[in-house]
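Beneath this line is the structure, given in structure tokens, with notes to follow.
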């Protein structure tokens, strides 16, 4: 393990523009062990080295911006929960296209 924490995706320009560019938000809040927040920059650099062009945002787990981002994610999940089809729904709707 190189780092402990959580992450979530979000649209780079807000949930009203879900089809635009996305970013990954990482924090140091693992629930049991919170790495030094100064290491978040190292995490970001490591991810960018391995995945060039990826949009990465990092927050310390106590940062109010992280809480706001998670709250917005929860609102978006609730708002869009019935607007996306699952694989199972697609297979049941178009059974011949699965073969």
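In my numbering, the protein residues as written are 19 to 117.
C-beta atoms are modelled at their ideal positions from N, C-alpha and C, and glycine is treated no differently.
**Assigned exposure category for residue 45 - 16 Cβ within 10 Å defines buried** = buried
**Request:** Go ahead and label residue 50 buried or exposed: buried means 16 or more other beta carbons lie within 10 angstroms of its beta carbon, across all protein chains shown.
**Result:** exposed
**Item:** Nearest to residue 74 (by Cα), restricted to the options 85, 84, 62
**Value:** 62
**Reference residue 24; option with closest CA among 79, 35, 101** = Restricting attention to 79, 35, 101, the CA atom closest to the CA of residue 24 is found in 79.
**Message:** So, at 8 Å on beta carbons, what are the nonlocal neighbours of residue 39 in its own chain, with the 5 sequence-adjacent residues on each side left out?
**Reply:** 29, 30, 31, 73
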